[in-house]
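Structure, as structure tokens:
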Ligand SMILES: Cc1ncc(C[n+]2csc(CCOP(=O)(O)OP(=O)(O)O)c2C)c(N)n1
Ligand code: SF4
Ligand SMILES: [Mg+2]
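Chains as they are written, first to last, in the numbering used here: chain A, 1 to 328; chain B, 1001 to 1619.
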């Protein structure tokens, strides 16, 4: 790479963006390019691998190496690339259908293997590219083209799914919070192991407003918890509420009534607390949804089994010959 | 007085717990050391631990060895070792009418008879069914117990060494030196002195039994064969295939990545490759066949030799990924070790019925090269060539093997890498330093694009499964472009024919009345058939097709020199269909069998005679 400082523009390819006007994908693309510029990522060492879906068009718009593959399989393709190329910085771009429906099997196994990949899960709670069917993250009762009477299926709790599969890094952000998204993208990139960043993304055409309760300033206060390391987990209209543990059960309490040390202080490296966040807080319809780094397992080197050695001719010759030969 | 014989076929049959595969493998190694030519055919039960003593639990190992060249494991055998009643019931029909039957009496008690479906009160060993043969009743189980009277092993463990008794006896019968087997046992049980001693003692007891029991009239010698001069080793099909892949990677100076999901009969390739983890081979046991293929594509994108291996059901799952490799124009070798039947079918049985699936089993117009292994040792060069074509032509290639090749073994005059053809990686054209942008789908005269991997400075590009513009690779829905790309992909595969070795006559005449055209595991059986027909004065030849798509350029020339062409296949006529399309003016006839077992020589010879008679009568 030459020494000139790269700007966000340098990470954009010459292709015209083909998303619908108003789509949340634009913002995610922009923030990703900004973050790559900020960390001065070498475009030649950076790879984006995607599956199929609106979101999976992403690699075409990046002036890095890229592959737009087949539906659901980006995680598997990126795994093969990762295992043979320890040097590259590899990002997976996937949608909610791509990662959790057709590619669900590969996602959980990637999380279990914990290969060092950055997975950006664009969750718009809908199948965008196929024009609006309900997805495995769509809210129950949603009316879509394939569920005109309301869907009877319950959605996945993405965080819980990831945690259950053994994820070592789980974070969530949203297309409209530029700064937060940038910060999460950076954290995702820094983590050694599979980092799963779920990004709530508005599909302006087929599921518009699905995440309004998190973007509208007033509603956000009631509906979202933005987690910060070492800070009391607080929520409510005026941030007045917090959790206090009663044994293993967190209870929502008025923050003012307790000293900070008696309240739940977020520690992203605490697996037990992460499991309560993923399985209990996130799945409780009465409670706000979680944003930020939910879990980041402390791990040193995760260079699991990566190898790019070339086969040696002498080794193969010996092998072919074997131990027992005879001459005629 | 030791008799001399030109060739002998033996089948070891027993319960799957009786150690017949080990006995067979040891006898095979000894046969190799003795200098015979040979071919083997192991036949496992479908269940891992089928009920003991039942027909389902019978495990067999057939070996055919000779002082002349051996092409097949033999239609029938001269000697049958039946360790129990079930093994007898299962295998007796394959014993020659003048054959020798060796049974272990303990395997014919009331319980074993009942489990095998005989009347438990019947004295099977004195029945005409057995007495029609020259039968030797040995008491391998009892001798094992007696030999090990002083051993601390429990009776069950002692009983398990009875296969060593049989092995010793057979080694004696065929005038073999038992030292190599003793070395093997010593090595295998080097950490367990009790077992080591027990096995050696029972082996020796078996070896000496022949003399004391006055079985000398059975003593036979099959002299070393006069194989082509060179250095040989024994090799199994799956191992040869794995070595072929590794040889190609080494020759091309590539790292090798093998993605696979366990499936019979392909798993042994995964097992073999996994041993070489710290030597440039990476195996990835994926969550399913789709992931296995996709991970191999990812590895290939990164510049490794991406290979994925499976059997029929797995190939079905890989279809979409293989098509992705076709669109990306990345090297990918897809190994299909075929097994019998649709769906789960008969996993442990052999068939050649995935050919048309390999050819056509993908959505859209999807031409890809197909290479077929013709024998256990032939799997090496087939694998090598599959890799060579995949890399040099930037394409997925299907490599077809099958269960019979995979588990069979034979002597192999192995090559060393310097004797193998080079593998050239298609590199990007030199930068002229004008800041020109890299066009990922720019092609050379063979329509092959260059393999530029991530990490290469200033050549960033995106590839994908959407239809692309001819050179830039940009997404394109232009009608004329799609037509051009479709034609180009077809032509790209067709041009590979220029680089294939010429089709050779495998044996027999190069022109005449009948050409027997085979592919895959029929190599040996057709060769023996052709020899027999030639001895009878017929003008017959054999070719064995290793490159099925595209076919070698000189194939038509050969075909045109014969009046009739017979294509025996273990399917209902798949190559026959392809040949009929490719060479519409030739006179093709098919011979088909789908029983899960290979052809017998007689089946091919009979069919050939029928055709030759018609040719003679001018029909
Ligand atoms: C094997 C296969 N099945 C179905 C499709 C059709 N398909 C393309 S994208 C898609 C769903 C995409 O939804 P999501 O992953 O949520 O991505 P989004 O478009 O919402 O970004 C489907 C069903 C396909 N391309 N391939
Ligand atoms: S359909 Fe929805 S997700 Fe797809 S591009 Fe349009 S707005 Fe975005
Ligand atoms: Mg979606």
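Ideal Cβ positions, reconstructed from N, Cα and C, are used throughout, including at glycine. The structure presented is a predicted model; accordingly, all values stated were derived computationally and were not measured.
Using only CA atoms, which one of the options lies nearest to residue i?
i	options	result
residue 1364/B	1487/B, 1407/B, 1439/B and 1292/B	1487/B
residue 1572/B	1233/B, 1355/B and 1115/B	1355/B
residue 1317/B	1306/B, 1473/B, 1343/B and 1423/B	1343/B
residue 166/A	194/A, 149/A and 179/A	194/A
residue 1397/B	1541/B, 1358/B and 1267/B	1358/B
residue 1195/B	1468/B, 1044/B, 1401/B and 1164/B	1164/B
residue 1513/B	1522/B, 1534/B and 1506/B	1534/B
residue 1556/B	1393/B, 1537/B, 1378/B and 1587/B	1587/B
residue 311/A	1272/B, 1255/B, 1320/B and 1421/B	1255/B
residue 1085/B	1122/B, 1002/B and 1099/B	1122/B
residue 219/A	170/A, 289/A, 151/A and 57/A	289/A
residue 44/A	224/A, 87/A, 105/A and 31/A	87/A
residue 271/A	157/A, 164/A, 96/A and 14/A	164/A
residue 1266/B	1615/B, 1115/B, 1594/B and 1339/B	1339/B
residue 1035/B	1411/B, 1461/B, 1457/B and 1580/B	1411/B
residue 1020/B	1074/B, 1037/B and 1087/B	1087/B
residue 1224/B	1545/B, 1469/B, 1562/B and 1004/B	1004/B
Any idea what DSSP makes of residue i, helix, strand or coil?
i	result
residue 1539/B	coil
residue 1343/B	coil
residue 66/A	strand
residue 1586/B	coil
residue 228/A	coil
residue 250/A	strand
residue 1396/B	strand
residue 1/A	Low local confidence applies: a pLDDT of 47 at residue 1/A is under 50, so the model's placement there is unreliable, with the coordinate-based value given in what follows. Coil.
residue 14/A	coil
residue 396/A	With chain A running from 1 to 328 in the structure shown, residue 396/A is simply not present.
residue 1614/B	helix
residue 1232/B	strand
residue 309/A	coil
residue 1336/B	strand
residue 1009/B	strand
residue 96/A	helix
Taking 9 Å as the CB-CB cut-off, is residue i touching chain A?
i	result
residue 1477/B	no
residue 1201/B	no
residue 1358/B	no
residue 1233/B	yes
residue 1431/B	no
residue 1549/B	no
residue 1301/B	yes
residue 1230/B	yes
residue 1497/B	no
Is the shortest distance between the beta-carbon of residue i and the beta-carbons of chain C less than 9 Å?
i	result
residue 1462/B	Absent from the structure: chain C. Protein chains present are A and B.
Does any residue of chain B bring its CB to less than 9 Å from the CB of residue i?
i	result
residue 65/A	yes
residue 133/A	no
residue 47/A	yes
residue 6/A	no
residue 160/A	no
residue 1/A	Note that residue 1/A scores 47 on pLDDT, short of 50, meaning its location in the model is unreliable; the coordinates nonetheless yield the value given after this. Closer than 9 Å to some Cβ of chain B, the Cβ of residue 1/A qualifies, so yes.
residue 105/A	yes
residue 324/A	yes
residue 317/A	yes
residue 33/A	no
residue 272/A	no
residue 62/A	yes
Just to be sure I understand the criterion: a residue counts if its Cβ is closer than 6 Å to at least one heavy atom of ligand 3. Which residues meet that? 53/A, 95/A, 96/A, 97/A, 124/A, 126/A, 127/A, 128/A and 135/A
At a Cβ cut of 8 Å, what residues of the region 78-90 of chain A count as close to chain B, listed as they run along the chain? 78, 79, 80, 81, 82, 83, 84, 85, 87 and 88
Taking Cβ-Cβ distances below 9 Å as the criterion, which residues of the region 1281-1293 of chain B are in contact with chain A? 1281, 1282, 1284, 1286, 1287, 1288, 1290, 1291, 1292 and 1293
Output, in sequence order along the chain, the residues in the region 1519-1531 of chain B whose CB is closer than 7 Å to any CB in chain A. none
Select from the region 212-238 of chain A all residues with a C-beta closer than 9 Å to any C-beta belonging to chain B, and list them in chain order. none
Short-range partners of chain A found in the region 1240-1269 of chain B, where Cβ spacing is below 8 Å: 1243, 1246, 1247, 1249, 1250, 1251, 1253, 1254, 1255, 1256, 1257 and 1259
Contact residues within the region 1024-1037 of chain B, judged by C-beta distance below 8 Å to chain A: 1029, 1032, 1033 and 1035
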